[in-house]
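To start, the structure under review is shown below, and the notes come after it.
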Amino acid sequence: AEKLKAYVRHLGYKITHVHAHDNNGQQDMHLPIGAGKLDWSLALGLLKFLDFDKTITLEPHVEDPAYLSYSKERILEYWNKAKELEP
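Counted the way this note's numbering counts, the sequence shown spans residues 28 to 114.
Right under this line is the structure:
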């Protein structure tokens, strides 16, 4: 959590594009949103604090295209529930 907050503090409003996928916390696995350990409430809350209104590209690297729709639904759900969090 602190590493992500520091990253957002450092880059802040320079963040213009986000590549979103989940992972197990150790490897860059490109899992569907919500299928790993990333704290999406924190990540999206930090972006909301920045009034982020740019592109978020979903990057689940899986063969079944249904996981892209799943990721879209999950990130929208997380976005709508996220509260602004100051980094």
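For every residue, glycine included, the Cβ atom is placed at its ideal position computed from N, Cα and C. None of the values given here were measured: they were computed from a predicted structure.
Terminal residues of the beta strand (DSSP E) in which residue i lies
| i | result |
| --- | --- |
| L85 | 82-85 |
First through last residue of the alpha helix (DSSP H) which encompasses residue i
| i | result |
| --- | --- |
| A70 | 67-76 |
| N107 | 93-108 |
Where residue i falls: helix, strand or coil (DSSP)
| i | result |
| --- | --- |
| H46 | strand |
| L58 | strand |
| G63 | coil |
| A33 | helix |
| L112 | coil |
| G52 | coil |
Test item: CB-CB of residue i and residue j under 8 Å
| i | j | result |
| --- | --- | --- |
| G63 | N50 | yes |
Distance between beta carbons of residue j and residue i, contact taken as under 8 Å
| i | j | result |
| --- | --- | --- |
| I83 | V35 | That pair is no contact at about 14 Å. |
Rounded straight-line distance, which links the Cα of residue j to that of residue i
| i | j | result |
| --- | --- | --- |
| A70 | L31 | 7 Å |
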